[in-house]
Every structure is written in structure tokens, then in C-alpha cells.
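J.:
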């Protein structure tokens with residue numbers, strides 16, 4: 638099924654140069670724009686002395702990359718171009734395909750921005766992350782399952798950081814009960 642979905646997307650590559658150019662940009666450079674928007678939002682928070690949400694975002698990003706690294710080292714799924722005839726539009730080294738580092742970063746930033754900095758911008762960045770993921774399949778360097786795994790990892794890591802932060806924040810808050818003497 639993963640390969641069949643890959644074929645449905647990648648079979649369109651190489652037909653229309655303009656679309657391929659957009660997909661190549663999205664697969665290789667759109668992530669920089671996602672990082673830039675996230676950085677601007679983080680700086681805006683820091684300027685208002687709102688450090689906690691920025692730290693939470695950073696923690697979620699680090700956790701997502703740690704989880705993705707563990708998954709990458711625990712499997713041997715090769716990239717599509719290593720075992721199939723594909724329309725590979727960008728050069729890429731051979732190696733483990735699962736999960737996509739680009740998609741992990743894009744989704745972790747998008748979900749983290751949504752959870753910690755700005756819901757509106759989080760939705761916009763989630764759309765951009767989805768474009769990055771589809772583009773990585775379009776250009777022939779990842780399977781759809783690699784993108785889905787990246788999104789799941791990112792989502793779980795953001796939820797974990799959010800829950801841990803909420804729990805820590807509420808456990809450290811003074812009790813609201815008044816004592817009766």
C-alpha cells in the first residue's frame with residue numbers, strides 16, 4: 638500500500654516542468670521558510686518576555702528529532718529510488734527512508750507553533766508541512782509512510798511536551814484552597 642500510494646504521487650513527476658519546479662522548491666527549501674516564520678514568532682514571544690512557550694517549542698523539536706533518530710536506527714527501509722524505478726527529481730544520498738527528517742522538522746515546528754505560540758500560524762505552517770511531505774514523495778526521495786511517521790512523531794512529541802509542561806506548571810502552582818482555622 639505504501640508503495641502504491643508512492644506511485645500515485647510520484648508517477649506525476651517529470652511531466653510538467655513548472656509543477657516539478659514548485660515541488661522541488663517545496664521538497665528542499667520550503668522548510669527554511671517554516672523555520673523563519675517560527676523564528677519570528679519565537680522572537681516576538683521573547684520580546685514580550687514569554688520564554689516558556691519558546692522553551693516548550695524547542696523541547697518538542699528536540700524530542701521529535703530524538704524519536705525520529707531512534708526510529709531511523711531501528712529500521713532498514715531504503716529510499717524509494719534504491720529499490721524501485723522512480724522519477725527522482727532531486728539528488729539524494731542512499732540510506733534509511735523512515736521517517737523523513739524534513740517532514741519531522743516541518744510538522745514538529747507547525748504543531749509546536751500551534752500548541753505553544755499561535756494557533757493561526759500553526760494551521761498555516763501545518764499546511765506548509767503537508768506540502769513539504771507531499772513534495773518529498775513527488776520528487777522520489779520518500780514514501781508516504783515516511784511522511785505519516787514524521788507527522789505522528791511530531792504530534793506525539795508536541796503533545797508529550799504540552800502535557801508535561803501543563804502538569805509541571807499546575808503542580809508548581811500554589812494551592813487555591815483557603816485554609817480554615
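In my numbering, the protein residues as written are 638 to 818.
Glycine is no exception: its CB is placed at the ideal position from the N, C-alpha and C atoms.
Computed from a predicted structure; not experimentally measured.
1) Skipping 5 residues on each side, what residues in its chain have a beta carbon closer than 7 Å to that of residue 794?
2) The alpha helix (DSSP H) spanning residue 745 covers which residue range?
3) Which class does residue 640 belong to by DSSP, given the choice of helix, strand or coil?
4) Cutting at 7 Å between CB atoms, please list the residues of its own chain near residue 796, excluding the five before and the five after it.
5) At what residues does the alpha helix (DSSP H) containing residue 710 begin and finish?
6) Per the contact definition of three or more C-beta pairs closer than 8 Å, is the stretch 667-676 in contact with the stretch 735-749?
7) Less than 6 Å between C-beta atoms, sequence neighbours within five positions excluded: which residues of the same chain meet that for residue 808?
8) I believe residue 777 touches residue 733 by the beta-carbon criterion, under 8 Å. Please report the beta-carbon distance rounded to the nearest angstrom.
9) Less than 7 Å between C-beta atoms, sequence neighbours within five positions excluded: which residues of the same chain meet that for residue 657?
T.: Taking the geometry as given:
1) Within the same chain, and ignoring the five residues on either side of residue 794 in sequence, the residues whose Cβ sits closer than 7 Å to its Cβ are 697, 700, 701, 704 and 745.
2) Element bounds for residue 745: 738-749.
3) DSSP places residue 640 within a helical segment (H, G or I) once states are collapsed to three.
4) Excluding residues within five positions, none has a Cβ falling inside 7 Å.
5) Residues 688-710.
6) Under the three-pair Cβ rule at 8 Å, the stretch 735-749 counts as touching the stretch 667-676.
7) Correct list: empty, nothing qualifies.
8) Actually they are not in contact, since the Cβ atoms of residue 777 and residue 733 sit about 16 Å apart, beyond 8 Å.
9) Excluding positions up to five away in sequence, the list reads 650, 651 and 726.
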